[in-house]
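The UniProt record's numbering numbers the first residue of the sequence shown as 1 and each following residue consecutively.
The C-beta atom is built at its ideal place from N, Cα and C for all residues, glycine as well.
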Amino acid sequence: MNRMIVVGIDESAAGETALAWAMARADSVKSAVTLVHTVYETWLADGYGYYDSILDAEKKLLTEAGARAATLAPAVATRTDLRTGSAPRVLSELSKDADLIVVGTDRKGRVEGELFGSVSLQIAALAACPVAVIPSLPETVRSGIYVGVDGSADSIAAVTFAAAEADRTGQDLYALYAVHLPNRRVLRRIPADAVTERMDEERVVLAQSVAGLTARYPDLVVHQVLETDESPARALVAAAQHAQMLVVGSRGRGSLQRLLMGSVSHEVLLHITCPTIVTRTSRK
């Protein structure tokens, strides 16, 4: 990485976990870090008695975060940036010049009526670069990099990111394709050979999604996992609950082009069980 990691700073437990995760990654990949905190403009009306006290409190929060960052990774060049506006808008703007945005989970939106009911979901949907959403979870042994595939351009971008990450960290890569099958009542009316043919086709999609990875990364161990679950998101969440990382594309082949985020990645983030990266392909 030759640009920067941008970390959204707040006072939540997940925010602390995200900061620690981001600093460890920055130290590993030799990237600079920018710690960003936002405050809504409506609370910064110049001339009111609380203006200076709010600014002082927000500056203190960032200063303390900067001190923790320096302790976590002394060799990483780190700076702080206090911005006005909503976190999704500010971080999505900064994402244009960043390699990665890192935020903690925020399952409950701070403002009623927000787009997805979650700040982290909005950031993942709007950002121009990959977004790491980091949950605050009990310490456990984690291994493997999991990536959701479905043959779409977005999932290919996710595989590319996940493979590089697995190779860099010496982890096995698990490419998981969750095929949605009809319920049993419908399946009884479909010829068995038709189902078999369909599954063979989906295995080809899975194989094509990881084709060439072992040639590019000779030491990388790649596992192809085909799941038949009524919910692809549920299959991904369950498979990756003890993973070091789960990577998903922002949209799959079943998503409408007008949507900011596909239903699978959206649902994965609502039920997040490990550090999760949402990648994005460039769009005109």
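Under a three-way DSSP split, which group does residue i fall into?
i    : result
H223 : strand
L137 : coil
A239 : helix
V103 : strand
H37  : strand
L256 : The pLDDT assigned to L256 is 38, lower than 50, so where the model puts this residue is not dependable; a value taken from the coordinates is nonetheless given after this. L256: coil per DSSP, three-state reduction.
A24  : helix
G15  : helix
V147 : strand
V210 : coil
A233 : helix
I5   : strand
I272 : coil
T228 : strand
T281 : coil
K108 : Residue placement at K108 is flagged as unreliable, the pLDDT there being 47, under the threshold of 50; the coordinate-derived value follows with that caveat. Correct three-state label for K108: coil.
G113 : Caution is warranted here: a pLDDT of 35 is assigned to G113, below 50, making its placement in the model unreliable, and the coordinate value is therefore given only provisionally. The answer is coil: DSSP assigns G113 none of H, G, I, E or B.
D10  : coil
Does the beta-carbon of residue i have 16 or more other beta-carbons within 10 angstroms, so that it is buried, or is it exposed?
i    : result
R168 : exposed
V6   : buried
I277 : buried
V268 : buried
R280 : buried
G170 : exposed
V131 : buried
T78  : buried
L259 : With a pLDDT of 39 at L259, under the threshold of 50, the modelled position of that residue is not reliable, and the figure given next carries that caveat. Exposed, by the Cβ-count rule.
V210 : buried
V119 : buried
E165 : buried
S53  : exposed
P275 : buried
A70  : exposed
Under DSSP, the beta strand (DSSP E) around residue i begins and ends at which residues?
i    : result
A98  : No beta strand (DSSP E) contains A98, which DSSP labels as neither H nor E.
A73  : It is not in any beta strand (DSSP E) - A73 carries neither H nor E in the DSSP assignment.
Y177 : 173-179
Check the C-beta distance from residue i over to residue j and give it rounded, since I have them as a contact under 8 Å.
i    : j    : result
A163 : L213 : 5 Å
A243 : L176 : Going by Cβ atoms, the distance from A243 to L176 rounds to 10 Å, so no, they are not a contact pair.
P135 : A26  : About 19 Å separates the two Cβ atoms, so there is no contact after all.
V39  : I9   : That belief does not hold up - the Cβ atoms of V39 and I9 are roughly 11 Å apart, past 8 Å.
A158 : V147 : 5 Å
L246 : L226 : The pair is not a contact, with the Cβ atoms about 17 Å apart (cut-off 8 Å).
L19  : R68  : 6 Å
M4   : S31  : 6 Å
Where does the unbroken alpha helix (DSSP H) through residue i begin, and where does it stop?
i    : result
I156 : 153-169
R79  : Taken as a continuous stretch (DSSP letters only), R79 belongs to no alpha helix (DSSP H), being part of the beta strand (DSSP E) at 78-84.
I123 : 119-126
According to the Cβ coordinates, are residue i and residue j closer than 7 Å?
i    : j    : result
V248 : S265 : yes
T105 : V133 : yes
L91  : I123 : yes
V76  : V33  : yes
G144 : D172 : yes
M23  : A98  : no
A128 : K96  : yes
T80  : E41  : no
L82  : E58  : yes
Q241 : T273 : yes
S231 : D154 : no
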